[in-house]
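Here is the structure we will look at.
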Amino acid sequence: MQVTSHVREPLVTNGKTWKDVTDDICRQVEGKPTTTWYIAMFISVLLFGYGTYCLYRTWWDGIGRWGLNKTVGWAWDITNFVWWVGIGHAGTLISAILLLFRQKWRTSINRAAEAMTIFAVFCAGSFILMHMGRTWLAYWALPLGNTFGSLWPNFNSPLVWDVFAISTYLTVSVVFWYIGLIPDLATIRDRAQNPISRFVYGILSFGWNGGAKDWQRYEAVSLVLAGVSTPLVLSVHTIVSFDFATSLIPGWHTTIFPPYFVAGAIFSGFAMVLTLMLVTRVVFKLEDYITMAHIESMNKIIMLTGSIVGVAYITEFFIAWYSGVEYEQYAFINRATGPYWWAYWSMMTCNVISPQLFWFKSVRRSIAATFILSIIVNIGMWFERFVIIVTSLHRDYLPSSWAYFSPTMYDIGDYIFSFGLFFTFFFLFAKFLPVINMAEVKAVLKSSGEKSSEGYGKVIHGVAQGTTAVPHHSPGKSDV
Amino acid sequence: MSAATNFLVGVYEDDDVIMQACADIRQQGVKIHEVYSPFPIHGIDPILGYKRSRLNVAAFMFGITGTIIAFSMQVIMMGYDWPMNIGGKPQVAVPSFVPVSFEMTILMASLGMVFTFLVVSGLGPGARKLVLDPRFSDDKFILAIDVDKNKLSMEDMANLLKRTGATEVSHKEVTA
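Structural data, given as structure tokens:
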């Protein structure tokens, strides 16, 4: 049994009951889309359309459309890939790691964060496919028996590990998310007025009927999925960092990359969750479910991971000096003072200095400040990957091959494509699926709702008195 | 053949009440068919006499299968089927095979466990499990008793449900 302190802020405010939870969250699924939704969707589809055109040119003509040159062979493609994968870490972190740590505040944000994770991994995957140039040969990365004399992928390569890591991560995230959706889809099915939505949500809900035995299995599955997702989420960004760390390029060949990348991923992922949730809670009027307490908790995590990232930057610089390797030293001095100084200092300002503002409670609890900082953090994290990738490459060992990378409209267009993809999927999700996990919020309502101190449900409890005396089984109120 | 099953359905308003009710009803020697609720009721499994789920064992077995498949796949491909000489380094490079083995372990454990869960619980696209009262998915807790499997009269059991806190009691016939 878990005891929740009375000092803690309630996770759901305004004395919501179970019925209110159902009504408030189903409302946006059942009602007609609002004008705001149509406008948002229109903009997303527009970006998606323009991005698709740029992507089509990139595929038709080849990646020569990008601003790459002989020296800088990886630029925006891999930057965007790592950036999106990083963003895609928050969902699983919230639903898995916070579940293991029994952090109840995750219940009202996990659904949207997991959805965001899945869409971010789609975007990341699309950059891997673009980056291959000849996307139609992507299956070469898989260990398929083939006609080339059973030639297999090289399992010593981190790029092959990445194929396994990203596809496993995507699959497990989708499964985890969907299992969590089943009880809520049943709620929508049971409330549905028109036969079409009853039929569609009926199929999607897998016939769920909320039986106690099914709930028991459901919880066992959730717990094990959380247990395996936790090392999975850490392994994914570790393997992404191996793409760089196992190379011999000064600036990439760094042993602290795995933890440094994982911290950065959580940092940017939480920032993206905040950006989206701050908008969602206003548009869907969910202020009672995504409260100031949630925002503050997330800001604290951003502050912590931002500080880890800051320490990592400084450590890297120190080790470059301490190693005595002149190539390594040059790579770092060049980052800060060379032609890409502006990218380096944007990264330092956005990632190291800005999250430190969250030490102030007034900043942590200000919606405007949180919103602005969440965007700044993601800009900073994009620059981090750009700095790592491009500044390490652009000055090769021979000064004759030094070069500068400038993006073309196709670099930018393909990036816009990913935004279009991400937001189109996110808005579709927000309209057609419950953005908050109703079953989980209902489960914590008694212990963490605003009425918990008054003893929600105690009134009815009295009815049970007077029956045969049996040892009262204490309700194990935990959310696992 | 009697195709119909008689259910006595009690509707409760609170999870703690229904948990106490289950204990009381079982104390009277009445068998409970199932309890349906909008969210998991913690602590109800021992009261209803449910044993711990063994799904985690299934997950472990699937996981270990994934490890073995992935590891042996890499050893066979890299070491025997098409060995490559990369700077004279060992062909069966065990540390290099750890990440893929790990990912496949997780993948097999998750998919295998979820698949097992869906099969044993009879869930799946298009499945229709028995819903005695659709309010289970909103804010009501439903207790179902299979009348024919109990010795007590329907009236006695209905009274028992009311006495333990059910706000509504109804009789439902379900044709299988």
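Going down the list, the sequences are from chains A and B.
Under the working numbering, think of the first position of the first sequence as 70, with each following residue one higher.
Under the working numbering, think of the first position of the second sequence as -10, with each following residue one higher.
Positions of the beta carbon are idealized from the N, C-alpha and C atoms, including for glycine.
| Query | Result |
| --- | --- |
| Mark residue 528 (chain A) as exposed unless 16 or more other C-beta atoms lie within 10 angstroms of its C-beta, in which case mark it buried. | Note that residue 528 (chain A) scores 39 on pLDDT, short of 50, meaning its location in the model is unreliable and no value can be drawn from it. |
| If you drop the 5 nearest sequence neighbours on each side, which residues of the same chain put their C-beta closer than 7 Å to that of residue 151 (chain B)? | 158 |
| Per DSSP, which one or two residues make a beta bridge with residue 132 (chain B)? | B:-1, B:24 |
| Suppose only complete runs of 4+ residues qualify. What are the alpha helix (DSSP H) ranges in the stretch 383 to 419 of chain A, listed by chain order? | 395 to 406, 410 to 416 |
| Determine, using beta carbons only, whether residue 313 (chain A) comes closer than 7 Å to chain D. | Here chain D cannot be found, since the structure's protein chains are A and B. |
| Pull up the distance between the alpha-carbon of residue 165 (chain A) and that of residue 179 (chain A), whole angstroms please. | 9 Å |
| Between the stretch 209 to 229 of chain A and chain B, which residues of the former have CB atoms less than 9 Å from a CB of the latter, in chain order? | 212, 218, 219, 220, 221, 222, 223, 224, 225, 226, 227, 229 |
| Near residue 94 (chain B), which residues of its chain fall below 8 Å by C-beta distance, leaving aside the five closest residues on each side in sequence? | 52, 53, 55, 56, 59 |
| According to a CB-to-CB cut-off of less than 9 Å, which residues of the stretch 277 to 294 of chain A neighbour chain B? | 277, 278, 279, 280, 281, 282, 283, 284, 285, 286, 287, 288, 289, 290, 292, 293, 294 |
| Using 10 angstroms around the beta-carbon of residue 378 (chain A), count the other beta-carbons present and answer buried if the total reaches 16, otherwise exposed. | buried |
| Do three or more CB pairs link the stretch 439 to 459 of chain A to the stretch 360 to 378 of chain A at distances below 8 Å? | yes |
| If we cut at 7 Å on Cβ distances, does residue 101 (chain A) have a partner in chain B? | no |
| Tell me, please, whether the CB atom of residue 80 (chain B) is closer than 7 Å to any CB atom in chain A? | no |
| So if I threshold CB-CB distances at 7 Å, which residues from the stretch 156 to 182 of chain A count as touching chain B? | none |
| May I ask which residues mark the beginning and end of the alpha helix (DSSP H) holding residue 310 (chain A)? | 281 to 314 |
| Am I right that residue 338 (chain A) and residue 158 (chain A) are in contact with their C-beta atoms under 8 Å? What's the rounded C-beta distance? | 4 Å |
| Identify whether residue 31 (chain B) lies in helix, strand or coil by the three-state DSSP scheme. | coil |
| Counting only beta-carbon atoms, is residue 157 (chain B) nearer than 7 Å to chain A? | no |
| Excluding sequence positions up to five away, which residues of its chain have a Cβ less than 8 Å from the Cβ of residue 139 (chain A)? | 470, 472 |
| Between the stretch 120 to 153 of chain B and chain A, which residues of the former have a C-beta closer than 7 Å to a C-beta of the latter? | 120, 123, 125, 126, 127, 128, 152, 153 |
| For residue 39 (chain B), which residues in chain A fall below 8 Å Cβ to Cβ? | 281, 282, 285 |
| How about residue 141 (chain A) and residue 474 (chain A): do their beta carbons lie closer than 7 Å? | yes |
| Using the Cα positions of residue 149 (chain B) and residue -1 (chain B), report the straight-line distance between them to the nearest angstrom. | 10 Å |
| Determine the extent of the alpha helix (DSSP H) in which residue 158 (chain B) is found, giving its start and end residues. | Note, residue 158 (chain B): premise wrong, no alpha helix (DSSP H); beta strand (DSSP E) at 157 to 164. |
| Using only CA atoms, which one of A:476, A:189, A:131 lies nearest to residue 558 (chain A)? | Lying outside 70 to 549, the shown extent of chain A, residue 558 (chain A) is not represented and no answer is given. |
| Output yes if chain A places a C-beta closer than 7 Å to the C-beta of residue 104 (chain B); else output no. | no |
| Does any C-beta atom of chain A lie closer than 7 Å to the C-beta of residue 162 (chain B)? | no |
| Using three-state DSSP, classify residue 81 (chain A) as helix, strand or coil. | strand |
| What does the Cβ neighbour count give for residue 524 (chain A), buried or exposed, with the cut at 16 atoms within 10 Å? | Its pLDDT being 43, under 50, residue 524 (chain A) is placed unreliably in this model, and the value from its coordinates should be taken loosely. Exposed: under 16 other Cβ atoms inside 10 Å. |
| Is the beta carbon of residue 161 (chain B) closer than 7 Å to that of residue 20 (chain B)? | no |
| Please list, in chain order, the chain A residues whose beta carbon lies closer than 7 Å to that of residue 95 (chain B). | 237, 241, 297, 301 |
| Closest to residue 304 (chain A) by C-alpha separation, out of B:30, B:96, B:131, B:117, would be which residue? | B:96 |
| Applying a beta-carbon distance threshold of less than 9 Å, which residues of chain B neighbour residue 304 (chain A)? | 88, 91, 92, 95 |
| Any chance you could list the alpha helix (DSSP H) runs of at least 4 consecutive residues sitting entirely within the stretch 92 to 154 of chain B, in chain order? | 143 to 152 |
| Determine, for residue 114 (chain B), whether the minimum Cβ-Cβ distance to residues of chain A falls below 7 Å. | yes |
| Quickly, what does DSSP pair residue -6 (chain B) with across the bridge? List them, please. | B:163 |
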